[in-house]
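*Asks:* The structure that follows is given in the form of structure tokens.
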Amino acid sequence: MAECLFCSIASGETPADVVLETDDMVGFLDIRPLFKGHTLLVPRTHVVTLPDLPAALRDPFLEAGQRLAAAMVEALGAQGSFVAMNNTVSQSVPHLHLHVVPRTKGDGLRGFFWPRHKYADGEAQEYVDRLRTALEKAP
């Protein structure tokens with residue numbers, strides 16, 4: 001879909017800090033992360049909500065989400081992760097995306113009042129490299 005930002009990122013037309021790429025999925029750093037390393041996972045095919053996701057993409061989507069959640073711990077030293085998605089309401093880009101956010105006890109994330117952080121110049125690439133290395137190690 002030509003007007004969709006995430007389709008444009010998935011096709012490589014719009015630059016992004018890409019962490020994970022498969023035939024069906026792309027994971028990239030959120031430009032307004034809750035915490036550094038916050039990654040968005042999107043199907044390459046334009047799908048608006050989870051109920052719209054074709055059956056053939058369910059397993060690849062979940063598998064990629066699992067790999068990203070594990071990479072948060074391995075690469076970033078997080079104790080765990082927060083994994084979530086919105087369907088229509090609060091969906092700032094109308095393309096299915098899974099948020100995978102590194103979490104550590106006492107990190108300050110409470111309820112749905114979420115702080116946003118910024119990357120310093122060049123810092124996003126460091127997070128991309130760390131997450132990619134962990135993803136390459138994973139089965």
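The numbering of the sequence shown is UniProt numbering, which starts it at 1 and goes up by one.
C-beta atoms are modelled at their ideal positions from N, C-alpha and C, and glycine is treated no differently.
Computed from a prediction, not measured in an experiment: that's the story for all the values here.
#1: Counting Cβ pairs closer than 8 Å, one from the region 19 to 36 and one from the region 46 to 53, do we hit at least three?
#2: Going by CA-CA distance only, name the one from L76, P43 and K36 that's closest to A10.
#3: Short check: CB of A84 to CB of H99, under 8 Å?
#4: So the candidates are E13, D59 and Q91; which of them puts its Cα closest to the Cα of L40?
#5: Here's the rule: buried if 16 or more other CB atoms are within 10 angstroms of the residue's CB, otherwise exposed. What is V89?
#6: Shortest alpha-carbon distance to D23 belongs to which of D59, S81 and A16?
#7: Cα-Cα, which of C4, D107 and R132 is closest to F82?
#8: Go through the region 6 to 92 residue by residue and report every complete run of the alpha helix (DSSP H) that reaches 4 residues or more, in order.
#9: Classify L98 as helix, strand or coil using the three-state DSSP reduction.
#10: Would you give the residue range spanned by the alpha helix (DSSP H) that R132 belongs to?
#11: For R110, which of helix, strand or coil comes out of DSSP?
#12: Excluding five sequence neighbours on each side, which residues of the same chain lie with their C-beta closer than 6 Å to the C-beta of H97?
*Replies:* Concretely, from the data shown:
#1: In short, these stretches do not touch, since the Cβ pair count stays below three.
#2: Counting from 1 along the sequence shown, the entry for residue 10 is found at position 10. Nearest in C-alpha terms to A10, of all of L76, P43 and K36, is P43.
#3: Taking the first residue of the sequence shown as 1, we reach residue 84 at position 84. Taking the first residue of the sequence shown as 1, we reach residue 99 at position 99. For A84 and H99, yes; Cβs fall inside 8 Å.
#4: Here residue 40 is taken as the residue at index 40 of the sequence shown, counted from 1. It is Q91 whose Cα lies nearest to the Cα of L40.
#5: Within the sequence shown, residue 89 is the residue found at index 89, counting from 1. With fewer than 16 neighbouring CB atoms inside 10 Å of its own CB, V89 falls in the exposed class.
#6: In the sequence shown, counting from the first residue as 1, residue 23 sits at position 23. Minimum Cα distance to D23 is reached at D59.
#7: Translated into positions along the sequence shown, residue 82 becomes position 82. Looking from the CA of F82, the closest CA among C4, D107 and R132 belongs to D107.
#8: If only uninterrupted alpha helix (DSSP H) runs of at least 4 residues are considered, those enclosed by the region 6 to 92 are 55 to 76.
#9: For the purposes of this step, residue 98 is identified with residue 98 of the sequence shown, where counting begins at 1. Strand, per DSSP.
#10: Along the sequence shown, read from residue 1 onward, the residue named residue 132 stands at position 132. That run of the alpha helix (DSSP H) goes E123 to K137.
#11: Counting from one through the sequence shown, the residue named residue 110 turns up at place 110. Note: R110 maps to strand in three-state DSSP.
#12: Here residue 97 corresponds to residue number 97 of the sequence shown, with the count starting at 1. Its chain contains L40 and V42 as the residues whose beta carbon lies nearer than 6 Å to that of H97, once the 5 sequence neighbours on both sides are disregarded; these appear in chain order.
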